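One structure is given below, encoded as structure tokens.
Numbering (full-length UniProt numbering), first residue to last: 1 to 222.
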């Protein structure tokens with residue numbers, strides 16, 4: 001993050017995370033509150049490690065991080081939004097075609113496990129294939145920006161299962177995403193649908209493409 005981006009972010013959420021100074025002690029500054037939270041979110045460092053880096057007690061960090069996260073969500077939630085018109089989706093598609101030579105792709109899907117301590121009496125509900133406990137951050141990304149995010153599904157559920165339980169999938173199956181109608185590609189007379197790109201965890205469908213399974217020699221059609 002650049003210093004300019006940090007200052008812009010601080011200006012937006014500063015009023016929500018600043019604490020009033022008293023005669024008894026000086027509060028942690030809004031700048032330090034934001035910095036320690038961003039460091040935690042970016043690295044996953046423990047509160048114990050962060051307390052030595054920022055000279056803030058881990059007990060205070062444990063209170064600061066949720067407060068700053070709540071302020072970030074309140075102020076920035078409008079920045080994560082899906083395109084709503086065929087024209088907007090085509091703009092995303094042009095970026096994928098220019099950068100990755102992948103025409104008609106309107107976003108990349110994937111899930112990320114966020115490790116946590118097993119909730120009390122949850123059994124194996126949050127136990128994932130990596131042999132730890134987690135919740136899943138599922139996202140649709142275009143041009144390195146989140147267009148959709150779903151957080152909180154149990155780690156035992158595959159990325160494909162998380163997708164099918166999401167509002168994004170519901171809107172897709174109900175034809176409410178506003179995707180462009182299929183069109184011909186340059187040099188091809190077939191009508192090709194616009195699609196999302198995912199990995200092998202997802203089910204192949206008209207609007208979701210994934211790689212061929214297996215290993216293939218270089219130069220083969222696959």
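Positions of the beta carbon are idealized from the N, C-alpha and C atoms, including for glycine.
Since we're looking at a predicted model, the values are computed, not measured.
Alpha-carbon spacing of residue i relative to residue j, whole angstroms
{"i": "residue 199", "j": "residue 123", "result": "29 Å"}
{"i": "residue 215", "j": "residue 110", "result": "21 Å"}
{"i": "residue 113", "j": "residue 140", "result": "15 Å"}
{"i": "residue 176", "j": "residue 211", "result": "26 Å"}
{"i": "residue 28", "j": "residue 35", "result": "11 Å"}
{"i": "residue 180", "j": "residue 117", "result": "43 Å"}
{"i": "residue 16", "j": "residue 68", "result": "8 Å"}
{"i": "residue 66", "j": "residue 6", "result": "18 Å"}
{"i": "residue 234", "j": "residue 98", "result": "With the chain covering 1 to 222 only, the question about residue 234 has no answer from this structure."}
{"i": "residue 53", "j": "residue 87", "result": "47 Å"}
{"i": "residue 182", "j": "residue 192", "result": "5 Å"}
{"i": "residue 173", "j": "residue 217", "result": "36 Å"}
{"i": "residue 92", "j": "residue 167", "result": "20 Å"}
{"i": "residue 26", "j": "residue 48", "result": "22 Å"}
{"i": "residue 146", "j": "residue 40", "result": "20 Å"}
{"i": "residue 46", "j": "residue 58", "result": "9 Å"}
{"i": "residue 219", "j": "residue 4", "result": "46 Å"}
{"i": "residue 21", "j": "residue 42", "result": "29 Å"}
{"i": "residue 224", "j": "residue 11", "result": "The chain is shown only over 1 to 222; residue 224 falls outside these bounds and no answer can be derived."}
{"i": "residue 63", "j": "residue 78", "result": "25 Å"}
Sequence-distant residues of the same chain with beta carbon closer than 6 Å to residue i, five excluded per side
{"i": "residue 197", "result": "105, 108, 209"}
{"i": "residue 95", "result": "143"}
{"i": "residue 206", "result": "193"}
{"i": "residue 44", "result": "none"}
{"i": "residue 115", "result": "132, 134"}
Other residues of its chain near residue i: CB distance less than 7 Å, five sequence neighbours each side excluded
{"i": "residue 18", "result": "30"}
{"i": "residue 160", "result": "201, 202, 203"}
{"i": "residue 9", "result": "34"}
Cβ-Cβ separation, residue j to residue i (assumed contact under 8 Å), whole Å
{"i": "residue 155", "j": "residue 126", "result": "5 Å"}
{"i": "residue 1", "j": "residue 50", "result": "Wrong, their Cβ atoms sit about 17 Å apart, outside the cutoff."}
{"i": "residue 13", "j": "residue 72", "result": "6 Å"}
Cβ pair residue i, residue j closer than 8 Å
{"i": "residue 150", "j": "residue 138", "result": "yes"}
{"i": "residue 89", "j": "residue 169", "result": "no"}
{"i": "residue 120", "j": "residue 162", "result": "no"}
{"i": "residue 61", "j": "residue 32", "result": "no"}
{"i": "residue 178", "j": "residue 74", "result": "no"}
{"i": "residue 148", "j": "residue 76", "result": "no"}
8 Å CB neighbourhood of residue i in its chain, flanking five on each side removed
{"i": "residue 213", "result": "200"}
Residue i at chain B interface by Cβ criterion, 8 Å
{"i": "residue 193", "result": "Of the protein chains in the structure, only one exists, and it is not chain B."}
| request: Please go through the stretch 16 to 82 and give each complete alpha helix (DSSP H) segment of 4 or more residues, from N-terminal end onward. | output: Whole alpha helix (DSSP H) segments, 4+ residues: 30 to 43, 47 to 54, 58 to 76.
| message | In chain order, what are the residue ranges of uninterrupted beta strand (DSSP E) at least 3 long that sit wholly in the stretch 151 to 222? | response | Counting only runs of 3 or more, we get 195 to 197.
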